[in-house]
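A.B. asks: My questions will all concern the structure given below.
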Amino acid sequence: MAATRVRRRRTAPPRPAAARNAAKGNPVSRFFDHFAAHVTRWAGSPVAFGLALIAVVLWGISGPAFGYSETWQLVINTGTTIVTFLMVFLIQQSQNKDSEALHLKLDELLIALEGADERLVDAERLDEDKLLALAAACTARARTQRRKRARSRRQR
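Under the UniProt record's numbering, the first residue of the sequence shown carries the number 1, and numbering increases by one thereafter.
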C-alpha cells in the first residue's frame, strides 16, 4: 500500500453556535451535558434494565390486587410515557455530542491527508441536494480509483 503524505495543517471551518456556546462554559449547557451523559450512560446499564424489569414484573403481579383497573393500567402507561419523553431529549443530546466529536475527528483526518477532497470537510452541514451531488462525485472518484488499482495489479 502506498504511503500517504501528510500536508501542513489547515484549520477547519468554525463549528455551529451550540458547540461554541458549550465550549465557552455556558453553565446551563455544561450542566445539561454532564447530566445527560450520566443519565444516558446509566440508562444503558444492566442495572437500569434490571430495575425496569423488576418494576414491570411488580406492576404485573399487582394487577389482581387492583382488579386490573384503569388506574392500575394508567400507572404504567403514564410512567413509561414520562420516562420515554424525557429520555428522548437526553439521548438526543448525547448523540449530538458523539456525532459532533466524530465529525471533528473525520474532518481532522481529511485536513491532514494529501489528496483528500476538501469539500468533504463539514459535508454534514450541506443541504440535501449539495450532499447528494457531493456523494455522486465521491462515488465516481472511488470507481476511478478502483479501476486504476485493478489495472496496476494486472500489470504486476
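Here a beta-carbon is modelled for each residue, glycine too, at the ideal position from N, C-alpha and C.
Does L126 come out as helix, strand or coil in the three-state DSSP assignment?
C.D. replies: By one-based count along the sequence shown, residue 126 stands at place 126. In the structure shown, L126 sits in coil (DSSP, three-state: anything other than H, G, I, E or B).
A.B. asks: If you compare alpha carbons, which of R143, G67 and M87 is closest to V39?
C.D. replies: Walking along the sequence shown from the start, residue 39 turns up at place 39. The candidate whose alpha carbon is nearest that of V39 is M87.
A.B. asks: Okay, do the region 87-102 and the region 28-36 touch, 3+ Cβ pairs below 8 Å being the bar?
C.D. replies: Yes, since at least three Cβ pairs between the region 87-102 and the region 28-36 fall closer than 8 Å, the two stretches touch.
A.B. asks: Go to F66, then tell me how far its alpha helix (DSSP H) extends in each direction, as first and last residue.
C.D. replies: In the sequence shown, residue 66 corresponds to position 66, counting from 1. Where F66 is concerned, there is no enclosing alpha helix (DSSP H), given that its DSSP letter is neither H nor E.
A.B. asks: Identify the continuous alpha helix (DSSP H) that holds A116 and give its terminal residues.
C.D. replies: For this step, residue 116 is matched to residue 116 along the sequence shown. Note, A116: premise wrong, no alpha helix (DSSP H); not H, not E.
A.B. asks: Can you give the Cα-Cα distance for R153 and Q145, rounded to whole angstroms?
C.D. replies: For this step, residue 153 is matched to residue 153 along the sequence shown. For this step, residue 145 is matched to residue 145 along the sequence shown. Looking at the two C-alpha atoms, the distance is approximately 12 Å.
A.B. asks: So for G50, helix, strand or coil by DSSP?
C.D. replies: For the purposes of this step, residue 50 is taken as the residue at position 50 of the sequence shown. G50: helix per DSSP, three-state reduction.
A.B. asks: Buried or exposed: where does V121 fall if 16 or more other Cβ atoms within 10 Å of its Cβ makes it buried?
C.D. replies: Taking the sequence shown and counting its residues from 1, the one referred to as residue 121 is at position 121. Under this definition V121 is a buried residue.
A.B. asks: By how many angstroms is the C-alpha of I54 removed from the C-alpha of W42?
C.D. replies: Position 42 of the sequence shown, counted from the start, is the residue given in the question as residue 42. Position 54 of the sequence shown, counted from the start, is the residue given in the question as residue 54. Each residue's alpha carbon lies about 16 Å from the other.
A.B. asks: So, for A123: in the same chain, excluding its five sequence neighbours on each side, which residues have a beta-carbon less than 7 Å away from its beta-carbon?
C.D. replies: Mapped onto the sequence shown, residue 123 falls at position 123. Answer for A123: L131 and L134, listed in chain order.
A.B. asks: For D127, count neighbouring Cβ atoms within 10 angstroms of its own Cβ and tell me buried if that reaches 16, exposed if not.
C.D. replies: Counted from its first residue, the sequence shown places residue 127 at position 127. Exposed, because fewer than 16 other Cβ atoms sit within 10 Å of the Cβ of D127.
A.B. asks: Check for me: the alpha helix (DSSP H) holding R41 runs from which residue to which?
C.D. replies: For the purposes of this step, residue 41 is identified with residue 41 of the sequence shown, where counting begins at 1. Where R41 is concerned, the enclosing alpha helix (DSSP H) stretches over P27 to A43.
A.B. asks: Please classify D107 as buried or exposed, where buried requires at least 16 neighbouring CB atoms within 10 angstroms.
C.D. replies: Indexing the sequence shown from 1 puts residue 107 at position 107. The residue is buried, with at least 16 neighbouring Cβ atoms inside 10 Å.
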